[in-house]
Amino acid sequence: MTLSVTLRKRLPPSFQLEVAFEVEAGVTIVFGESGSGKTTLLRCVAGLSEPDAGRIAIGDRVLFDASAGVNLDPPRRRVGFVFQHLALFPHLTAAENIAYGLMQLTPAERRARIGAIAASFHIDHLLERRPGVISGGERQRVGLARSLVTDPEVLLLDEPLSALDHRTQSRIIADLRRWNDARRIPILYVTHSQREVFALGERVLVVEDGRVVADGSPDRVMDFPAHESVARLTGFENLLPASVVSRRTEGGVMVCRLAGTTVDLETPLADVEVGRQLRVAIRAGDILIASEPPRGLSARNVVPGTIASLSREGSVVRAEVSVGMPIDVHITPMAREQLGLQPGSHVWLVVKTHSCRPVSAV
Amino acid sequence: MDWTAIALSLRLAAVVSLVLLVIGVPIAYWLTFSRRRWKFLVESVVALPLVLPPTVLGFYVLVALGSRSPVGRLWTAWTGHGLAFTFEALVVASILYSLPFGVQPIAASFAHIDRTLLEASAMLGAGRFRTFGRIVLPLSLPGVIAGAVLTFAHTLGEFGVVLMVGGNLPGVTRTVSIAIYDDVQSLNLAAAHETALVLLLFSFAALSIVYALMRKPWSVAPLS
């Protein structure tokens, strides 16, 4: 079954969501900062918000079609929705919450379905309790079970695990994966956590300012970001404005000059012409600091600079090094001590070619 | 003590509370969930009895129910007697007079319900009526009961409207508050004292129930 979504929705005063994509069975992550339009997208698929234009369909079944005047009510969409704050019914027990979507079944069938889903989400022992007296992780499981037990054709999850600790997250993700291996329905999973992207996703759609700016496997999209915005979201601390000065196609590399400096960095080859502007994305942890001019290195980029500031953040020391523009470098407290680094120290930054990712500046 | 008047007042209050429960719940639902622009006009009409002198309200009800009005004529044709100065007229007037007391607590408790609970219900396949019966009503039960109790207490204590619309017919329209007034007028202060005390204690008990209920037994806020 394929979920196909084409929609446009304007939200006053100036935000516009405009997306078009198809997702197959499996977990597709919708990744983006808050305010990027992720939740609005889910609400449109669910039928809780009405798009201004477009078409939403599951296989041949049309849920919404602006030009044909089709707009199915949420109860008739057969779409499961797990809300960010779960929206468990506080006056009903876990079992009654799970039974809520099964009214058309006989009591015996209902009991069987609740028993099965409770077993696979490990909540058998909570069934007679109300949501107010169970833990956050348990509530999350009840929320998932309540949506999944109805056998929806598409499942939408709006940051369902963001409030939980990592251990609980991992366990619930494992249960959700196992459930979906058996059912294989399209699942749209909204998150802003990179961890969840890698743990769950077979595919990730990156949403920025109401548009899909990247689409592909998590490894591809997150490690080789095509856009500055994706690089920022995926934790590249340095996004250095630069322009291409030369390309060496046979070597698979190109040289970029940092804007307003004479610093040249060698990066992997990208589809950018000489003279064009781009950003060079570098993770702060991928940069080495040397207190003397290093020699005999395989790394192609060695850049002299001056330490502007040093600050301790947890177990890392964040050094801001000026090379004509500020660059963030993360080192260990031990390294700082050993090298005797102080603000004002002259240092050399060492960066491998493949730690520099050329990304488009838009 | 005037037991006839007390019994009449209790009967009137019970009927009015029941009727207001039946019509107050849909009105409150509409006031809470409608997105009409002119909703504020209906809100104003519902709240009008809070500020209007009972005599004004009573006067208009009298005119509307009088033998020359369409309603009055219809009633006479149906029942064979006039509507003014009857128990039925008191019921109609009291319903209007107690409208805000019946509707507002219910509307307030509807408005307190987290809207995502209603969306969750819809996503689980429930239509509006099922969502109302399984989610909205159970979660706002304290407000509904409060509305009924307030209506009961308010109707029990009304005076001006009853005097305008019902007059003072023992066993038919002579309610507790009018009995007290009569007792005072005829300097029968001991009787007035007794009846007034009963009314005072009852009102206190009713309000205690309302305020106790408004401390909700479970939270209707989202659980995160």
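Quick mapping for you: the protein sequence lines, in order, are chains A and B. For the first sequence, my numbering assigns the number 2 to the initial residue and increments by one for each residue that follows. For the second sequence, my numbering assigns the number 397 to the initial residue and increments by one for each residue that follows. All C-beta atoms, glycine included, are put in the ideal place defined by N, C-alpha and C.
Of all residues in the region 573-603 of chain B, none has a C-beta nearer than 8 Å to a C-beta of chain A. Non-local C-beta neighbours of A/R212 in its own chain, meaning closer than 7 Å and more than five positions away in sequence, comprise E19 and V20, ordered along the chain. Rounded to whole angstroms, the separation of the alpha carbons of A/T333 and A/Y190 is 35 Å. A/A146 sits in a helix when the DSSP states are folded into three classes. Using a Cβ-Cβ cut-off of 9 Å, B/G539 is close to nothing in chain A; its nearest Cβ partner there is about 14 Å away.
A/E267 has A/V256 as its beta-bridge partners, per DSSP.
Residues of chain A whose Cβ lies closer than 9 Å to the Cβ of B/P534 are, in chain order, F90, H92 and L93. Assignment of B/W471 by DSSP, reduced to helix, strand and coil, places it in the helix class.
Counting C-beta pairs closer than 8 Å gives three or more between the region 145-157 of chain A and the region 79-95 of chain A, which meets the contact rule. Of the candidates B/V488, B/I531, B/P496 and B/V442, B/I531 places its Cα closest to the Cα of A/P91. Within chain A, the residues whose beta carbon sits less than 8 Å from that of B/T512 are F84, H86 and A88, listed in sequence order.
For A/Y101, a Cβ of chain B is located within less than 9 Å of the residue's own Cβ. A/G345 does not reach chain B, its nearest Cβ partner there being about 48 Å away, counting only Cβ pairs nearer than 7 Å.
Residues of the region 143-166 of chain A with a C-beta atom less than 8 Å from some C-beta of chain B are R147, S148, T151 and A164, listed in chain order. A/L8 is bridged by DSSP to A/V20 and A/G55. DSSP places B/H550 within a helical segment (H, G or I) once states are collapsed to three.
A residue is called buried once 16 or more other Cβ atoms fall within 10 Å of its Cβ, and B/Y607, having fewer, is exposed. Under a 10 Å Cβ-count criterion, A/E25 is classified as exposed, with fewer than 16 other Cβ atoms of the shown protein chains found around its own Cβ.
In terms of Cβ geometry, A/A200 and A/V207 do not form a close pair [threshold 9 Å]. About 4 Å separates the beta carbon of A/D287 from that of A/S356, a gap short enough to meet the 8 Å contact definition. With respect to A/A282, A/A320 sits apart: the two C-beta atoms are not nearer than 9 Å.
Taken in chain order, the unbroken stretches of alpha helix (DSSP H) that lie wholly in the region 504-552 of chain B and span 4 residues or more are 511-519, 524-527 and 537-552.
Secondary structure note for A/T29: its beta strand (DSSP E) is the uninterrupted segment G27 to F32. With a cutoff of 9 Å on beta-carbon distance, A/V31 and A/L42 are scored as near each other. About 6 Å separates the beta carbons of A/I290 and A/V330, which is inside the 8 Å limit, making them a contact pair. Of B/L603, B/Q581 and B/S573, the smallest CA-CA separation from B/T591 is found for B/S573. DSSP, read as helix, strand or coil, puts B/A401 in helix. The Cβ atoms of A/A309 and A/P295 lie no closer than 9 Å to each other. In this structure, B/A424 lies near B/V499, with their beta-carbon atoms less than 9 Å apart.
With contact defined as three or more Cβ pairs closer than 8 Å, the region 122-133 of chain A and the region 86-100 of chain A are in contact.
Rounded to the nearest angstrom, the gap between the Cα atoms of A/R168 and A/F122 is 15 Å. The bridge partners DSSP lists for A/H228 are A/S361. Contact of B/I502 with chain A is not assigned, every C-beta pair being separated by 9 Å or more. Around B/V557, the same chain offers P450, L453, G454, A489 and Y493 as residues with beta carbons nearer than 6 Å, after the five sequence neighbours per side are excluded. Taken in chain order, the unbroken stretches of beta strand (DSSP E) that lie wholly in the region 161-246 of chain A and span 3 residues or more are 187-192, 204-209 and 212-217. A/V6 is not a Cβ neighbour of A/V63, given a cutoff of 9 Å.
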